[in-house]
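Heads up: the structure comes next, in structure tokens.
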Amino acid sequence: MDRKLVGELIARLGGKARVEGDTVRALVQHGDAWLSTRVRTSPVAEVFVMTRALDGFELSVRWGDRWRDPDVGDRVFDSTFAVTTNDEAMMRAWLDETSRAALLASKYAYVSDDLSLATMQGIPTTRTWTYELANDELVVTKGGPESDADRFLVAVTTACAIAARSQRWAASYADTARKIGGSAASEVVIGGDPVMTVTRSAIDVTMRLVRRERTSADRLRTIVSAPRIGE
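Put into structure tokens, the structure is as follows:
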């Protein structure tokens with residue numbers, strides 16, 4: 013374990029950080045969200061951020077040209093990252109402007125092991141960490157060690173921006189809920205509690221976000237429901 017690096021990470025992650033073995037655990041605030049985060053410094057650099065329940069949604073974002081991957085409709089982002097997912101509609105909803113901006117800002121320069129034939133030195137290049145969301149956890153990797161605390165913190169900040177989409181998504185419904193006299197949840201849980209609730213004639217009408225099973229590539233659905241009134 014690089015004790016100097018770990019010490020820097022703890023100092024910069026704040027008072028809610030602690031060391032457990034080769035892992036730094038912390039509660040990291042991003043906007044209104046507090047996110048359970050783990051940073052592993054050895055043998056390879058990894059960051060883990062828990063998300064809210066996403067009902068089996070999976071997403072991978074890595075630096076590289078997009079070929080046949082789905083696009084989000086952002087020309088700069090689509091030309092910079094390769095994206096794979098099991099739900100294209102959910103992917104486009106999850107990679108909102110805040111998530112995309114964080115990913116674009118997370119790139120860094122480094123010298124590759126490939127040698128230039130002209131100089132016989134390493135070739136300067138640009139990359140980002142790889143972000144993979146599955147099983148309600150975002151895993152961030154770079155495929156090797158990392159000794160730079162700044163790069164670790166950029167990876168943590170970017171991961172938290174992506175993971176905090178649940179709270180931003182819920183906040184986007186708050187104004188609508190107020191206008192119709194209802195209430196909005198503080199976070200979106202796919203397939204879970206209602207995102208919005210409004211009472212009409214003593215009956216609660218709810219709106220949920222769910223994912224249909226294997227019906228198409230676009231499985232995200234909005235369901236509005238109310239209990240049936242008996243005769």
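Using our numbering, the first residue of the sequence shown is number 13, and each one after it goes up by one. We treat Cβ as the ideally placed atom computed from N, Cα and C, and that holds for glycine.
Separation of residue 72 and residue 213 (C-alpha to C-alpha, rounded to the nearest whole angstrom) is 45 Å. Assignment of residue 202 by DSSP, reduced to helix, strand and coil, places it in the coil class. The region 179-191 makes no contact with the region 146-164; the number of CB pairs closer than 8 Å stays below 3. Residue 239 counts as exposed, since fewer than 16 other beta carbons sit within 10 angstroms of its beta carbon. From the listed residues 44, 66 and 56, the smallest Cα separation to residue 204 is found for 66.
Nearest to residue 150 by C-alpha distance, out of 49, 15, 24 and 237, is 49.
Per DSSP, the continuous alpha helix (DSSP H) segment holding residue 106 begins and ends at 100-106. The alpha helix (DSSP H) runs lying completely inside the region 161-218 and spanning 4 residues or more are 161-175 and 177-191, given in chain order. Ranked by Cα distance from residue 75, the options 89, 233 and 34 are led by 89. In its chain, beyond the 5 residues on either side, 197, 218, 219 and 220 have a beta carbon closer than 8 Å to the beta carbon of residue 206. The three-state reading of DSSP puts residue 48 in strand, counting E and B together. Put simply, the backbone Cα of residue 114 is about 15 Å away from that of residue 91. Bounds of the alpha helix (DSSP H) holding residue 92 are 87-92. Non-local C-beta neighbours of residue 189 in its own chain, meaning closer than 6 Å and more than five positions away in sequence, comprise 195, 196 and 208, ordered along the chain.
For residue 18, the secondary structure class from DSSP, reduced to helix, strand or coil, is helix. Distance from the Cα of residue 86 is smallest, within the candidate group 146, 103 and 98, for 103.
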